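K.L.:
Line by line, the protein sequences are chains A and B. Residue numbers for the first sequence follow this note's numbering, beginning at 6 and rising by one. Residue numbers for the second sequence follow this note's numbering, beginning at 643 and rising by one. Could you have a look at this structure, given as structure tokens, before my questions?
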Amino acid sequence: MNANKVWAIARKDIGHYFASPLGYVVLAVFFLVTGFFFALIVEQTRQASMVPVFQNTVIIFLFITPMITMRLWSEEEKSGTAELLITSPLTLWEIVLGKYLAVCAFFGVMLSSTVVYLVIMMLAGNPDMGPVIGNYVGYGLAAMSFFAIGLFASTLSENQIVSAVITFGILLMLWVIGAAGGSAQGVFGELMKYVSIFQHLEDFFKGVIDLSHVFYFVSIIFISLFFSVKVLESKRN
Amino acid sequence: MIEVKDLVKNYGNFAAVDHVTFSVPEGTILGLLGPNGAGKTTTMRVLTTSLAMTSGKVTVGGYDVVDQPHDVRKRIGYLPEVPPIYGDMDVISYLKFVADIKDIAPDKKTNRIGEVLEMLDLENMSRRLIGHLSLGYRQRVGLAQALLHDPDVLILDEPTRGLDPKQILEIRKLIKSLKGKKTIILSTHILPEVSSTCDDVVIIDQGKVVAADSVENLSQRLAGGKTLEMEVKGPSADIEKALGKVEGVVTIKLAGKELRGVSRFELTTDGSTETREAIFQCVVKNKWVLYQINPLGMSLEDVFLKLTTKETTG
Numbered sequence: 006m007n008a009n010k011v012w013a014i015a016r017k018d019i020g021h022y023f024a025s026p027l028g029y030v031v032l033a034v035f036f037l038v039t040g041f042f043f044a045l046i047v048e049q050t051r052q053a054s055m056v057p058v059f060q061n062t063v064i065i066f067l068f069i070t071p072m073i074t075m076r077l078w079s080e081e082e083k084s085g086t087a088e089l090l091i092t093s094p095l096t097l098w099e100i101v102l103g104k105y106l107a108v109c110a111f112f113g114v115m116l117s118s119t120v121v122y123l124v125i126m127m128l129a130g131n132p133d134m135g136p137v138i139g140n141y142v143g144y145g146l147a148a149m150s151f152f153a154i155g156l157f158a159s160t161l162s163e164n165q166i167v168s169a170v171i172t173f174g175i176l177l178m179l180w181v182i183g184a185a186g187g188s189a190q191g192v193f194g195e196l197m198k199y200v201s202i203f204q205h206l207e208d209f210f211k212g213v214i215d216l217s218h219v220f221y222f223v224s225i226i227f228i229s230l231f232f233s234v235k236v237l238e239s240k241r242n
Numbered sequence: 643m644i645e646v647k648d649l650v651k652n653y654g655n656f657a658a659v660d661h662v663t664f665s666v667p668e669g670t671i672l673g674l675l676g677p678n679g680a681g682k683t684t685t686m687r688v689l690t691t692s693l694a695m696t697s698g699k700v701t702v703g704g705y706d707v708v709d710q711p712h713d714v715r716k717r718i719g720y721l722p723e724v725p726p727i728y729g730d731m732d733v734i735s736y737l738k739f740v741a742d743i744k745d746i747a748p749d750k751k752t753n754r755i756g757e758v759l760e761m762l763d764l765e766n767m768s769r770r771l772i773g774h775l776s777l778g779y780r781q782r783v784g785l786a787q788a789l790l791h792d793p794d795v796l797i798l799d800e801p802t803r804g805l806d807p808k809q810i811l812e813i814r815k816l817i818k819s820l821k822g823k824k825t826i827i828l829s830t831h832i833l834p835e836v837s838s839t840c841d842d843v844v845i846i847d848q849g850k851v852v853a854a855d856s857v858e859n860l861s862q863r864l865a866g867g868k869t870l871e872m873e874v875k876g877p878s879a880d881i882e883k884a885l886g887k888v889e890g891v892v893t894i895k896l897a898g899k900e901l902r903g904v905s906r907f908e909l910t911t912d913g914s915t916e917t918r919e920a921i922f923q924c925v926v927k928n929k930w931v932l933y934q935i936n937p938l939g940m941s942l943e944d945v946f947l948k949l950t951t952k953e954t955t956g
């Protein structure tokens with residue numbers, strides 16, 4: 006594993022985000038939605054709390070994720086550039102991690118806008134920093150596990166739309182499966198509840214950083230990246 | 643430098659490459675010639691480690707493509723059928739990216755990029771977005787990518803595709819200038835491309851090697867054939883005697899039984915076309931009837947016929 010090569014791939018893919026309107030449109034939509042919720046919630050509750058903003062906007066990643074991950078591998082395959090990456094002295098892990106790093110960096114740019122709200126809150130009031138940190142960690146982990154799933158879906162097809170639909174399908178499933186788990190009985194019901202994303206987000210929103218929840222998200226990320234590498238490996242045959 | 647032995651690649655039941663064997667000595671240029679769908683690209687993709695083979699053994703510079711793919715990748719420059727370029731990057735940033743993933747030392751990067759830009763006459767285009775370049779320039783950017791890390795082996799899949807005649811000559815000149823310094827395999831479905839740039843040629847059709855020889859020998863075989871097959875109506879013993887005396891005929895032998903007075907002969911000649919004329923005159927003078935006269939090695943010509951028709955239609 007060569008960090009310079011991972012970074013080279015990441016830099017290239019970050020560049021792609023800002024070379025097309027898509028990156029800017031996604032950023033604008035995100036800024037608009039979070040800004041709207043921040044203004045509305047502060048105005049109505051008069052509380053210096055970031056929790057409602059995060060709680061209400063995490064769902065937006067169900068829609069944003071497919072848009073920013075669909076091209077990661079599909080496009081390389083379609084335009085023939087996959088051939089360059091595959092035949093260069095790179096390992097598949099370097100390629101996959103580079104791409105993952107790129108989408109996480111783009112997310113970092115998105116998230117940076119929320120710092121503005123935090124500063125406003127700190128100037129006007131006295132927010133409790135514990136929940137703020139918990140919220141950032143939970144929000145970040147959830148988004149990053151979504152991206153890993155999106156990257157995996159992108160390796161499955163050279164058609165971006167197909168990749169996007171697969172991503173959306175998996176994420177939606179993980180989102181609603183908890184509700185289904187509520188009505189199912191026994192171990193199966195418990196399992197469905199465990200897999201559900203929302204179940205693991207709740208504590209973060211309360212400001213509690215529970216390692217078992219961290220483990221859940223990190224597992225999703227690792228498993229998704231691992232299978233991305235495996236899919237790319239299988240394409241050689 | 644490159645050894646391909648009994649290479650087989652199956653897609654399901656379909657054999658895209660069927661027991662292909664050839665080797666390329668260091669510093670020479672091999673042309674992989676064949677119609678579209680013959681298995682050229684598949685062979686090249688196996689050589690560049692982007693595709694796994696079904697069976698066989700392929701080594702590049704002594705490194706096995708299956709067991710030591712990383713070592714192979716460091717030593718090859720590969721231009722795929724479609725140049726692997728990013729339309730939203732400019733030429734310089736693209737080449738910088740390629741330099742990063744191909745292990746070029748950071749302090750040598752700028753120099754090397756400058757050299758390659760000059761070599762391919764891309765200096766004026768270096769700040770242009772690749773997506774805005776013409777097909778010919780894109781192909782050159784693709785070549786720049788393959789040459790950037792100064793690899794020992796170059797694998798070029800139809801390097802002159804999409805270029806106009808002037809650009810084709812330039813690229814061929816560039817490839818020829820690398821002769822002796824690099825080991826090159828290039829694929830093409832255009833016959834003149836091989837004769838003008840390559841040392842050796844391997845012709846493949848439907849996944850099989852149809853012919854493998856030096857370009858010189860092959861063109862001689864094509865220029866008329868040293869072996870002729872003919873059918874003449876008349877007394878076979880007399881014909882054999884008379885034709886044996888024709889200038890340019892080295893040997894003659896009766897190859898087929900007389901059938902309704904027509905006999906089949908196989909002749910070896912010195913290869914000149916005048917010999918065929920002399921044979922014809924001799925037959926006419928004796929008032930025999932010439933049914934047919936063919937150079938042998940038809941399968942080769944069949945392939946070339948296929949190649950040339952492909953070139954004119956597409």
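For each residue, glycine too, the CB sits at the ideal point set by N, CA and C. Keep in mind that this is a model prediction, so the values were computed, not measured.
#1: Give me the residue from V888/B, L771/B, V758/B, M872/B with the minimum Cα distance to P937/B.
#2: Please tell me whether P94/A has its Cβ less than 8 Å away from any Cβ of chain B.
#3: Mapping DSSP to helix, strand and coil, what is V758/B?
#4: Can you tell me which of the three DSSP states H791/B falls into?
#5: Would T690/B count as contacting chain A if we go by Cβ distances under 8 Å?
#6: Looking at the C-beta of A110/A, does it have a partner C-beta in chain B at a distance below 8 Å?
#7: Can you find at least 3 beta carbon pairs, one from the region 653-662 of chain B and one from the region 178-194 of chain A, that sit closer than 8 Å?
#8: So which residues on chain B does G88/A lean against when the C-beta distance must stay under 9 Å?
#9: Buried or exposed: which applies to Q923/B, given that a residue is buried once 16 or more other Cβ atoms fall within 10 Å of its Cβ?
#10: Please report whether the beta-carbon of I175/A lies at a distance below 8 Å from any beta-carbon of chain B.
#11: Run through the DSSP bridge pairs and tell me what D799/B is partnered with.
#12: Is DSSP giving Y705/B helix, strand or coil here?
#13: Can you list the residues of chain A that D745/B reaches, using a CB-CB cut of under 7 Å?
#14: Confirm the yes/no value for this check: CB of K240/A, any heavy atom of the ligand NAP, distance under 7 Å.
#15: With burial defined as no fewer than 16 other Cβ atoms inside 10 Å of the residue's Cβ, what is the status of S168/A: buried or exposed?
#16: Contact defined as beta carbons within less than 8 Å: I believe S79/A pairs with S159/A. What is the distance between those atoms, to the nearest angstrom?
#17: Given that I91/A touches chain B, what residues does it touch there, using C-beta distances under 7 Å?
#18: Can you list the residues of chain A that R715/B reaches, using a CB-CB cut of under 7 Å?
#19: Taking 8 Å as the CB-CB limit, is A107/A close to chain B?
#20: Helix, strand or coil: which one does DSSP assign to K744/B?
#21: Within the region 137-214 of chain A, note down every full alpha helix (DSSP H) run reaching 4 residues or more, in order along the chain.
#22: Any idea if N140/A is buried or exposed, counting beta-carbon neighbours within 10 angstroms, 16 or more meaning buried?
#23: Determine, for N25/A, whether the minimum Cβ-Cβ distance to residues of chain B falls below 8 Å.
#24: Skipping 5 residues on each side, what residues in its chain have a beta carbon closer than 8 Å to that of T696/B?
#25: Tell me the start and end of each unbroken alpha helix (DSSP H) in the region 851-906 of chain B that is at least 4 residues and wholly inside, in chain order.
#26: Suppose you measure from the CA of I810/B to the CA of E765/B; what does that come to, to the nearest Å?
#27: Would you kindly work out how many angstroms separate the C-alpha atoms of V200/A and K235/A, rounded to a whole number?
#28: According to DSSP, simplified to helix, strand and coil, what is Y728/B?
#29: Please state if the CB of S856/B and the CB of D842/B are separated by a distance shorter than 8 Å.
#30: To the nearest angstrom, how far is the alpha carbon of G194/A from that of G212/A?
#31: Can you pull out the residues from the region 786-801 of chain B whose beta carbon lies closer than 8 Å to at least one beta carbon of chain A?
#32: Does the separation of the CB atoms of V114/A and L32/A fall below 8 Å?
#33: Check distances from the C-beta atoms of the region 759-777 of chain B to those of chain A and list, in chain order, the residues that come in under 9 Å.
#34: Hey, G143/A and L67/A are a contact pair by Cβ (cut 8 Å); roughly how many whole angstroms apart?
#35: In the DSSP assignment, find the unbroken beta strand (DSSP E) run with I46/A in it and report its ends.
#36: Looking at the secondary structure, which residues open and close the alpha helix (DSSP H) in which S79/A lies?
P.N.:
This is what the structure gives:
#1: As a position in the second sequence, residue 937/B is number 295, starting the count at 1. Among V888/B, L771/B, V758/B, M872/B, the Cα nearest to that of P937/B belongs to M872/B.
#2: The sequence position of residue 94/A within the first sequence is 89, counting from 1. At least one chain B Cβ lies under 8 Å of P94/A.
#3: On the second sequence, residue 758/B is found 116 positions in, with the first residue counted as 1. Three-state DSSP puts V758/B in a helix.
#4: Mapped onto the second sequence, residue 791/B falls at position 149. DSSP places H791/B outside both helix and strand once states are collapsed to three, so it counts as coil.
#5: As a first step, residue 690/B is located in the second sequence; it is residue number 48 there, counting from the start. Yes, contact with chain A.
#6: Translated into the one-based positions of the first sequence, residue 110/A becomes position 105. No, A110/A does not count as interfacial toward chain B.
#7: Too few Cβ pairs lie closer than 8 Å, so no.
#8: Stepping through the first sequence from its first residue, residue 88/A is reached at position 83. Note that residue 88/A is Glu in the sequence shown, not Gly. Near E88/A (Cβ distances below 9 Å), the residues of chain B are R687, T690, S692, Y720, P722, E723, V724, P726.
#9: Reading the second sequence from its first residue, position 281 is the one you call residue 923/B. Q923/B is exposed by the Cβ-count criterion.
#10: As a first step, residue 175/A is located in the first sequence; it is residue number 170 there, counting from the start. No, I175/A lies away from the interface with chain B (no Cβ there is under 8 Å from its Cβ).
#11: By one-based count along the second sequence, residue 799/B stands at place 157. Answer by DSSP bridge pairing, in chain order: S829/B.
#12: To locate residue 705/B, count along the second sequence from 1; it is residue 63. Strand, per DSSP.
#13: Within the second sequence, the letter at position 103 stands for residue 745/B. Those within 7 Å of D745/B in chain A are P94.
#14: Among the ligands in the structure shown, none appear at all, so the ligand NAP cannot be discussed.
#15: Here residue 168/A refers to the residue found at position 163 of the first sequence. Per the 10 Å Cβ criterion, buried.
#16: Taking the first residue of the first sequence as position 1, residue 79/A is located at position 74. Taking the first residue of the first sequence as position 1, residue 159/A is located at position 154. S79/A to S159/A, Cβ: 5 Å. Contact.
#17: For the purposes of this step, residue 91/A is identified with residue 86 of the first sequence, where counting begins at 1. The contacting residues are S692.
#18: Within the second sequence, the letter at position 73 stands for residue 715/B. The contacting residues are T92, S93, P94.
#19: On the first sequence, position 102 is the one that residue 107/A refers to. No, its Cβ sits nowhere closer than 8 Å to a Cβ of chain B.
#20: Mapped onto the second sequence, residue 744/B falls at position 102. In this structure, K744/B counts as coil in the three-state DSSP scheme.
#21: 165-188, 191-200, 202-211
#22: As a first step, residue 140/A must be located in the first sequence, where it is residue number 135. Classification for N140/A: buried.
#23: As a position in the first sequence, residue 25/A is number 20, starting the count at 1. Reading the sequence as shown, one finds Ser at residue 25/A and not Asn. Chain B contact via Cβ: present.
#24: For the purposes of this step, residue 696/B is taken as residue 54 along the second sequence, with counting starting at 1. Around T696/B: V650, K651, N652.
#25: Taken in chain order, the whole alpha helix (DSSP H) runs of length 4 or more contained in the region 851-906 of chain B are 857-864, 878-886.
#26: For the purposes of this step, residue 810/B is identified with residue 168 of the second sequence, where counting begins at 1. For the purposes of this step, residue 765/B is identified with residue 123 of the second sequence, where counting begins at 1. Rounded to the nearest angstrom, the two C-alpha atoms are 19 Å apart.
#27: Counting from 1 along the first sequence, the entry for residue 200/A is found at position 195. Counting from 1 along the first sequence, the entry for residue 235/A is found at position 230. Taking the straight line from one Cα to the other gives about 22 Å.
#28: One-based indexing of the second sequence puts residue 728/B at position 86. In the structure shown, Y728/B sits in coil (DSSP, three-state: anything other than H, G, I, E or B).
#29: Counting from one through the second sequence, the residue named residue 842/B turns up at place 200. Counting from one through the second sequence, the residue named residue 856/B turns up at place 214. Their beta carbons are under 8 Å apart, which means D842/B touches S856/B by this criterion.
#30: The residue labelled residue 194/A in the question sits at position 189 within the first sequence. The residue labelled residue 212/A in the question sits at position 207 within the first sequence. Near 27 Å, if we compare the C-alpha coordinates of G212/A and G194/A.
#31: Q787
#32: Locating residue 114/A in the first sequence gives position 109, counting from the first residue. Locating residue 32/A in the first sequence gives position 27, counting from the first residue. Cβ atoms of V114/A and L32/A: closer than 8 Å.
#33: L771
#34: Your numbering for residue 143/A matches position 138 in the first sequence. Your numbering for residue 67/A matches position 62 in the first sequence. Not confirmed; about 16 Å, so no contact.
#35: Residue 46/A sits at position 41 when you count from the first residue of the first sequence. Run containing I46/A: none in the beta strand (DSSP E); it sits in the alpha helix (DSSP H), 26-50.
#36: Here residue 79/A is taken as the residue at index 74 of the first sequence, counted from 1. Counting along the chain, the alpha helix (DSSP H) containing S79/A begins and ends at 76-84.
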